[in-house]
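**Q** Got a structure for you, written out below as structure tokens; questions coming shortly.
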Amino acid sequence: MREIPLRATIRLWDTYLSERNGFFRFHGYVCAAFLRMWSKQLQAEKDFQGIMILLQNLPTHSWGDQQICELTADAYSLMAVFDGAKNHLTE
């Protein structure tokens, strides 16, 4: 959560708390959606150190409701496609 502003973090937590399937299941999809947003930049990095530096310095300082809505919409899409898949996120 340190990668996004407090206002956007609160909006994201509001979505987590309203999710009937629980925080932990949905959070995995939010993480996947977050990584998908930066996929091209991550793939352009040559090594682990470059990836970590990118992830720790993402240009999310101006994020607001619109970006969180896009992030959670992608997370919900991923969950709709993969949540019932056999052996997906086995517990």
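Just so we're aligned: 33 in the numbering used here is position 25 of the sequence shown, and the numbers increase by one with no gaps anywhere.
C-beta: ideal position from N, C-alpha, C; glycine also.
Would you list, in sequence order, the uninterrupted beta strand (DSSP E) runs of no fewer than 3 residues that lie entirely inside the segment 31-91?
**A** none
**Q** When you compare the segment 53-66 with the segment 29-37, are there three or more beta-carbon pairs, one atom per stretch, that lie closer than 8 Å?
**A** no
**Q** Let me make sure I understand the geometry here. Which of A88, E78, G92 has the alpha-carbon closest to that of L43?
**A** Taking the first residue of the sequence shown as 1, we reach residue 43 at position 35. When each option's Cα is compared against that of L43, the closest is E78.
**Q** For I12, count neighbouring Cβ atoms within 10 angstroms of its own Cβ and tell me buried if that reaches 16, exposed if not.
**A** As a working mapping, residue 12 is identified with position 4 in the sequence shown. When all chains shown are included, I12 counts as buried.
**Q** Does the Cβ of R19 have 16 or more other Cβ atoms within 10 Å, making it buried, or fewer, making it exposed?
**A** Your numbering for residue 19 matches position 11 in the sequence shown. So R19 counts as buried.
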